[in-house]
Every structure is written in C-alpha cells, then in structure tokens.
Amino acid sequence: MTLSPLDDYPIHQTAQVMRHVATSDRNFYDRYYFNCHAGSDELMLIIGMGQYPNLGVTDAFACVRYRDLHRVVRASRELGDDRMDTSVGPFRVEVIEGLKRLRVVLDANEHDLSFDLTWEGTIPATLEPRHFLRWQERVVFDSVRMAQTGRWSGHIMVGDERVEVTPDRWRGARDRSWGIRPVGEAEPPGIQAKNPGTFYWLYTPMQFDDHSILCIVQEDEKGRRLLEEAVRVWPSGEEEYLGRPEYRPVYAPGTRDVTSATITFSPPGGKPFDLHCTPVLPVHLMVGTGYGLEPGWRHGMYQGPKPVVQGVTYTLPEDAAKMWGMVDAVGRFEYDGNVGYGLYEYWALGPHPSFTE
Numbered sequence: 006m007t008l009s010p011l012d013d014y015p016i017h018q019t020a021q022v023m024r025h026v027a028t029s030d031r032n033f034y035d036r037y038y039f040n041c042h043a044g045s046d047e048l049m050l051i052i053g054m055g056q057y058p059n060l061g062v063t064d065a066f067a068c069v070r071y072r073d074l075h076r077v078v079r080a081s082r083e084l085g086d087d088r089m090d091t092s093v094g095p096f097r098v099e100v101i102e103g104l105k106r107l108r109v110v111l112d113a114n115e116h117d118l119s120f121d122l123t124w125e126g127t128i129p130a131t132l133e134p135r136h137f138l139r140w141q142e143r144v145v146f147d148s149v150r151m152a153q154t155g156r157w158s159g160h161i162m163v164g165d166e167r168v169e170v171t172p173d174r175w176r177g178a179r180d181r182s183w184g185i186r187p188v189g190e191a192e193p194p195g196i197q198a199k200n201p202g203t204f205y206w207l208y209t210p211m212q213f214d215d216h217s218i219l220c221i222v223q224e225d226e227k228g229r230r231l232l233e234e235a236v237r238v239w240p241s242g243e244e245e246y247l248g249r250p251e252y253r254p255v256y257a258p259g260t261r262d263v264t265s266a267t268i269t270f271s272p273p274g275g276k277p278f279d280l281h282c283t284p285v286l287p288v289h290l291m292v293g294t295g296y297g298l299e300p301g302w303r304h305g306m307y308q309g310p311k312p313v314v315q316g317v318t319y320t321l322p323e324d325a326a327k328m329w330g331m332v333d334a335v336g337r338f339e340y341d342g343n344v345g346y347g348l349y350e351y352w353a354l355g356p357h358p359s360f361t362e
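Under the working numbering, the first residue of the sequence shown carries the number 6, and numbering increases by one thereafter.
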C-alpha cells in the first residue's frame with residue numbers, strides 16, 4: 006500500500022488506503038462532465054476528466070462546436086499515487102466550494118483551444134437514481150451520478166478568437182459520476198457477443214428562470230424501462246417528483262437524428278403536462294473524445310509512460326459522415342409558458358419498438 010494526501014482526511018470507507026477503491030473491477034471510474042453554452046447555436050463546449058484507478062490511468066478532453074468546427078483536445082497520463090491531483094497535461098479541475106463552485110482550465114496549447122472557466126451551480130447538486138445493468142451475469146453498469154445546472158464565467162479561446170463568458174448569458178449542466186461502466190482497452194467479447202448492443206437513451210438537465218428539470222429515460226431493445234428520472238428542482242433545494250416521463254421524439258426522415266420531441270410528465274396528484282424540446286446545436290460527443298468510437302483512444306486506455314496530448318479537428322459539412330453516436334445538443338425547452346435551455350442528450354442505437362425503418 007502507498008499513502009496519498011487524500012489519506013489525511015477522515016473519509017475512508019474501507020480498510021484500504023484511499024487510492025484503492027472497494028472493487029477490483031477493471032471498469033471502475035470516477036469522472037467529471039461539464040457543458041457550456043449560451044442557449045443558442047453560437048457555441049457549445051463539452052469537458053470531461055476521469056480517473057480509472059484499476060487501470061492506472063487518468064485522462065481528460067474538451068470538445069467545442071463553433072460555427073463549422075468540431076475540435077477536440079485530449080490528454081492522458083498515468084494516474085500515480087495522488088488521486089487529488091486532477092491535472093492531466095494542460096487540463097485541470099479545481100473544486101473551489103464543494104457542490105457549488107468549480108474552476109475548469111485548459112491552458113494554451115498547440116491545438117488552438119483553451120479556456121479558463123468558473124462554474125457556479127444554480128440548484129443544489131442532485132443525486133440521480135443508481136444506474137445498474139447486468140448482462141449475461143456480468144455487471145455492465147453500476148454507477149451513481151449527481152447532476153446540477155448552473156452558470157459560467159471566464160473565457161474560451163478558439164484559434165485566435167476570444168469568447169467572453171459571462172453568467173448573464175452562459176449556462177450549462179455538469180455531473181459527477183462514479184462506479185462501473187465499460188472503459189479502457191476493449192475486452193474479448195466472449196458470450197457478451199450475444200448482447201444486442203441496444204442503447205436507447207435520453208438525458209435532459211434543463212434550466213428555466215426559477216427552477217430546473219432533470220429527466221432521464223433509458224430502455225432496452227424490447228422497450229422495457231431500465232432507468233428513469235423526472236424531478237423539478239428549485240434553488241432552495243425543494244424537489245417535486247414528476248412521475249414516469251414519456252418520451253416521443255421526431256426523427257429526420259431516414260435517420261435517427263432528432264428534430265423535435267415531446268416529453269410528457271404526470272406528477273402524482275398533479276396535472277400532466279407536455280414539455281416540447283428542440284435541439285438547437287448538435288454536438289457528436291463520441292467523436293474524438295474517447296467514448297468508444299476510436300479504437301486507439303478510449304476513456305481509461307493506457308497511452309504509455311509519458312503524458313500524451315492530442316488534437317482532433319473536423320469541419321462541417323465536409324466531415325458530416327464521421328459524426329455519429331451519442332449527441333449532446335444545446336436544447337430549447339418549453340412548457341406552460343416557461344422557456345428554458347439545457348442539454349438535450351440522446352442516442353438510439355440498435356433495435357427498439359419505436360423504429361419502423
């Protein structure tokens with residue numbers, strides 16, 4: 006065993022030093038996710054940083070969609086002994102006030118994307134339902150996530166252009182999740198080759214003037230509900246359960262690209278209402294960032310003994326054929342006279358009863 010600075014805090018949960026997690030599952034992870042936008046098609050920035058203790062790796066990425074540009078900067082290093090060190094190459098995450106204020110930095114680098122941004126939550130960080138999925142006896146997902154809407158201040162540099170980020174315009178959502186999910190180098194599939202590979206998913210943390218709504222829908226290839234959440238949260242911390250969310254997307258002809266959607270909420274003892282969603286600026290989260298499309302760069306994949314920093318740039322519409330997988334879009338949300346903005350994240354992979362093509 007090796008001590009780290011984290012061991013000096015009274016937060017131990019097992020008879021281990023803090024750098025050792027309670028499971029030896031290779032797929033254990035601990036991750037930050039942030040998005041930043043102005044509620045328009047102007048720009049969307051997505052940032053992630055993860056630690057993978059049983060793989061000995063930490064990595065980070067930033068992905069910006071700006072005009073016709075899809076640009077990613079990503080970095081990886083060996084995790085080492087100190088899990089309180091959240092720097093990865095030019096990236097770092099600083100917790101200024103736990104669950105309220107954080108600073109996220111990508112220092113100037115050769116890949117023409119950098120930023121210095123401070124996050125402040127507008128609602129308390131809210132714990133979501135535990136995400137658990139077992140397939141052919143293997144636990145594929147067993148994770149916990151907290152979500153929060155908020156505002157940003159600071160600046161973003163894209164090439165030579167500086168975008169001033171002020172909290173009156175720039176908002177977003179963040180989450181922290183940890184547990185088990187597929188990460189690292191691909192494993193031999195074995196019997197998992199029988200897994201139909203379906204991922205039917207909606208995730209929409211949305212922010213209105215005086216409240217936020219957090220919604221999740223996940224279903225399998227039969228349409229069975231695997232995970233759901235629907236809650237309205239006020240800055241005071243008051244929460245209202247909105248019942249089972251029903252999701253009805255409209256796809257562009259011949260595709261699974263969502264052009265609009267309706268989510269129906271039915272609060273117990275309250276009046277059902279429809280919430281109308283419009284994706285404003287789609288960002289293909291999985292392109293270049295490590296979520297699994299590229300065999301040489303996946304979250305938690307060992308990139309060698311020396312720190313690695315890389316840049317990936319695509320332009321649209323020329324590279325549109327390379328844009329697929331999970332979509333994280335700036336979303337516009339409307340219901341009962343309320344207009345809000347937030348993340349509209351969706352993916353429809355594999356068979357599902359809603360598809361007729």
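Every residue gets a Cβ at the ideal spot worked out from N, C-alpha and C, and that includes glycine.
Selected residue, minimal CA-CA separation from residue i, among the options
| i | options | result |
| --- | --- | --- |
| residue 134 | 13, 19, 28, 220 | 220 |
| residue 35 | 161, 331, 41, 25 | 25 |
| residue 315 | 242, 67, 22 | 67 |
| residue 105 | 123, 40, 94, 95 | 123 |
| residue 38 | 352, 358, 348 | 348 |
| residue 238 | 232, 108, 290, 126 | 126 |
| residue 30 | 20, 131, 18, 189 | 189 |
| residue 210 | 278, 191, 155 | 155 |
| residue 47 | 174, 351, 341, 114 | 174 |
| residue 363 | 119, 330, 322, 310 | The requested residue 363 does not occur in the structure, where the chain is confined to residues 6 to 362. |
| residue 61 | 284, 94, 172, 85 | 85 |
| residue 70 | 344, 322, 346 | 322 |
| residue 275 | 247, 21, 27 | 247 |
| residue 363 | 80, 359, 228 | Residue 363 falls outside the range modelled here, since the chain spans only 6 to 362, and no answer is possible. |
| residue 146 | 137, 307, 167 | 137 |
| residue 53 | 302, 234, 179, 311 | 179 |
| residue 153 | 98, 212, 64 | 212 |
| residue 113 | 139, 78, 295 | 78 |
| residue 264 | 277, 282, 252 | 282 |
Which of helix, strand or coil DSSP assigns to residue i
| i | result |
| --- | --- |
| residue 185 | strand |
| residue 128 | coil |
| residue 298 | coil |
| residue 342 | coil |
| residue 197 | helix |
| residue 210 | strand |
| residue 80 | strand |
| residue 334 | strand |
| residue 326 | helix |
| residue 368 | What is shown of the chain runs 6 to 362, which leaves residue 368 out entirely. |
| residue 205 | strand |
| residue 63 | strand |
| residue 123 | strand |
Residue i, enclosing beta strand (DSSP E) - first and last residue
| i | result |
| --- | --- |
| residue 151 | 143-163 |
| residue 313 | 313-320 |
| residue 33 | 33-42 |
| residue 289 | 278-289 |
| residue 254 | 251-256 |
| residue 264 | 263-270 |
| residue 218 | 217-224 |
| residue 16 | Counting along the chain, residue 16 falls outside any beta strand (DSSP E), and DSSP gives it neither H nor E. |
| residue 175 | Premise fails: residue 175 is in no beta strand (DSSP E) and is neither H nor E. |
| residue 367 | Within the shown structure, residues of the chain are numbered from 6 to 362, placing residue 367 beyond reach of any answer. |
| residue 233 | 230-238 |
| residue 243 | Element bounds for residue 243: n/a, residue is neither H nor E. |
| residue 99 | 96-102 |
| residue 360 | That residue, residue 360, is in no beta strand (DSSP E); it is neither H nor E in DSSP. |
| residue 106 | 106-111 |
| residue 136 | 136-140 |
Integer Cβ distance of residue i from residue j, believed to fall under 8 Å
| i | j | result |
| --- | --- | --- |
| residue 286 | residue 334 | 6 Å |
| residue 332 | residue 302 | Their Cβ separation, rounded to whole angstroms, is 20 Å, which puts residue 332 and residue 302 out of contact at 8 Å. |
| residue 87 | residue 158 | Contact flag wrong, Cβ pair sits at about 29 Å. |
| residue 357 | residue 228 | 7 Å |
Within-8 Å CB hit, residue i to chain D
| i | result |
| --- | --- |
| residue 239 | The chain inventory of the structure shown lacks chain D, comprising one protein chain alone. |
Stretch pair the region 269-276 + the region 303-320: three plus CB contacts closer than 8 Å: no
Inter-stretch contact (C-beta, 8 Å, three-pair minimum) for the region 214-232 and the region 64-82: no
The region 221-232 in contact with the region 195-212 per 3-pair CB rule at 8 Å: yes
At least three beta-carbon pairs within less than 8 Å, the region 42-62 to the region 334-343: yes
Cβ contact check for the region 177-189 and the region 241-255: 3 or more pairs under 8 Å: no
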